[in-house]
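Below is one structure, written out as C-alpha cells, with a few remarks after it.
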Amino acid sequence: MDKLVSLAKRRGFVFQSSEVYGGLGSVWDYGPLGVALKRNIKDRWWQALVGGREDIEGLDAAILMHPKVWEASGHVGGFSDPMVDCRTCKARFRADKLADARCPQKPSKLPGEHAACQLTEPRQFNLMFKTFMGPMEETASVVYLRPETAQGIYVNFLNVLNASRQRIPFGIAQIGKAFRNEITPGNFIFRTREFEQMEMQFFVKPGSDEEWFEQWREIRMAWHLDLGLTPAKLRWHQHAPDELAHYAKAAYDIEYEFPFGWQEIEGVHNRTDFDLSRHQESSGKKLEYFEQATNERFLPYIIETSAGADRVTLTVMADAYREETVEGETRVVMGFLPAIAPIKAAILPLVKKDGMPELARALYHDVRRHVPAFYDDAGAIGRRYRRQDEVGTPWCITIDGDTTTQRSVTIRHRDSMAQDRVALDQVTTWLAARVGE
Ligand code: ATP
C-alpha cells in the first residue's frame, strides 16, 4: 500500500486534500491521471447499466434533500456506528471493527502495555454530516449531506417512471457524491469521508425479487471480472441474519483481497418494499405502481447494486500494480486494461534531432484527437518507457530514423515489451482497433 500511495502522489493519481495545510482527514483529491482513471471506470459502469440496457434510466439527484427523506429512510434514527473512546490515548474507534476489547493505538502497541489503555463503553455515533439551509443556524434549518445516493432515486421513482414510460421491471442508475463522517476512515481512498457512489436501484414485482437478485449478483460480479481484476481476489460475502441492515431481505457483498485484507467493494441488496413504503407513509403520497396487464397496484420491491467509485478505483490500482525484474532492474507496471488506462499512447521521438521531434509532434496531435496521449522527448528512451509503464500506458510509439526514411514507427507493448513496426499513417487505426480492449 505504501508503494501504491507514493506512486499515486508522485505521478498525479491522488493527492491529500488541502495538503499545504497538513491535509484534511481522509479526504483526497484526484490529480490528472487519477481523474482520468476514475472517469473511465464511471463511464464503463454507466455504459454497462444505462447505455447498454433498455430497462435502466439515468438520474442525477441533488446532494441536498428534504430532511424528512432521512427521517423516513431511517438514517436520522439509525445510521450510526458504535464508537468507543480510549481514555488513555484519546483516540476513537469503531467498536465493531476492533479485533478485541483493547485499544489498537499507541502506547498499547508496545508489548505488555495494553493494560495502560482503557476503552469506554460503545456509544452510537450518527455518520451524517449536517449543515444549515438559509441564513438561520437553527434546528429548523438543518439539512444533511446525503450519506448515499439511493434515496434520491427512491423519491424520484414515479417521476422517472412517468417521464420515461418504462414498465416494471426497470431500474434507475445514478453516480454521485456521498458523505459519511466515518469514525475510523483510512486505507487511502478505501474509506473516506467524501466519496462517490455508483448505485442502481431495480424495481421489480414482489415475488420476482429473488430471481432478479440472483441475476444482478451475476451481472455485477461479471462487471468486476471484466475490469480485468484477478478472479482469485474476488469473492462473495453473504450477510448473516444478524449482519443484515434493517431494510434488507438478503445482502451479498463483492469483496476484493486488498493488501490490508478482504474488504467490500460493492453491495447487492434485496431491499424489499421498505424504502418506497417508508416514503409513501412519511410523505402521504402514493408511490404504487399500476400494472395494466393484471389490473394490480403494488409497491415494487427493490434490488440495489451499490459500488463506490473511489473504492473500485483503488481496487483497480491495487490489482494493476506489479514489479518485475528486467535485466537486473526493477520496472513498476500498472497493468490497466487499455479501456480504462488514463493515457492510451505515449509518443516518443528517439532523439531530439533529425526531424524526429517534428514528426512525433505531428503524430501526437493526430493521435490526441482520437485517444488520450502523451508526448515525451526528455531523457533516455528506456527511462521514458519505464515512466509510461508506471502509469499504465499500454503503448509507446517511438519515432526513429526509419520513420523519416520509411514512414513507419515502433509500437512497444507495455506488458510483453514486444515491439511492432507499424506504418505512420496506420497508427490511429491500429490504436482504435485495440483501445477498447
Ligand atoms: P461499511 O460497513 O464498510 O461502513 P457499508 O456496508 O455501510 O460499508 P454501503 O452503505 O453498502 O457500505 O455502501 C455501498 C458502497 O459504497 C460500498 O460497497 C463502498 O464501495 C462504498 N462506500 C461506502 N462507504 C464508503 C466510504 N466511507 N468511502 C468510500 N467508499 C464507501
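For the sequence shown, our numbering gives the first residue as 47, with consecutive numbering after it.
Each residue gets a CB set at the ideal place from its N, CA and C atoms; glycine is no exception.
Query	Result
Straight-line gap, ARG324 to ALA291 (C-alpha atoms, nearest Å)	15 Å
The ligand ATP heavy atom lying under 7 Å from the CB of THR371	no
GLN243 CB to nearest heavy atom of the ligand ATP below 7 Å	yes
8 Å Cβ cutoff met for GLU194 and ASP356	no
Proximity test, PRO168 beta-carbon vs the ligand ATP heavy atom, cut-off 7 Å	no
Contact the region 79-98 vs the region 196-203: 3+ CB pairs below 8 Å	no
Coil, strand or helix - MET246 by DSSP	strand
VAL314 versus MET363, MET246 and ALA385, residue with shortest Cα-Cα distance	MET246
Assigned exposure category for THR166 - 16 Cβ within 10 Å defines buried	exposed
One or two residues paired with MET380 in a DSSP bridge	TYR367
Beta-carbon spacing of ILE389, ILE87 below 8 Å	no
Local conformation of LYS176 per DSSP, three classes	strand
Cβ distance (whole Å) where ALA391 is taken to contact VAL417 below 8 Å	6 Å
Beta-carbon contacts of ASP75 that lie in its chain and below 6 Å, excluding the five residues immediately before and after	PHE61 and SER63
Nearest candidate by alpha-carbon position, reference ASP400, set VAL358, GLY447 and ALA268	GLY447
Distance cut-off 7 Å: ASP356 Cβ against heavy atoms of the ligand ATP	yes
C-alpha distance - GLY80 paired with ILE235, whole-angstrom precision	11 Å
ALA353: CB within 7 Å of a non-hydrogen atom of the ligand ATP	yes
Cβ-heavy atom distance, ILE348 to the ligand ATP, below 7 Å	no
Where ALA107 sits in the DSSP three-state scheme	coil
Local Cβ density within 10 Å of ARG460, reported as buried at 16 or more and exposed below that	buried
Sufficient close CB pairs (3 or more, under 8 Å) joining the region 141-149 to the region 97-109	no
Candidates GLU260, LYS251 and THR318: closest to THR340 by CA position	LYS251
Under the three-state DSSP convention, the category PRO128 falls into	strand
Proximity winner among ASP321, ILE349, VAL189 and HIS270, relative to GLU310 (alpha-carbon distances)	HIS270
Local Cβ density within 10 Å of TYR293, reported as buried at 16 or more and exposed below that	buried
Simplified DSSP assignment, three categories, for PRO215	coil
GLY374 Cβ short of 7 Å to the ligand ATP heavy atom set	no
Rounded distance between the beta-carbons of PRO305 and ALA364, thought under 8 Å	6 Å
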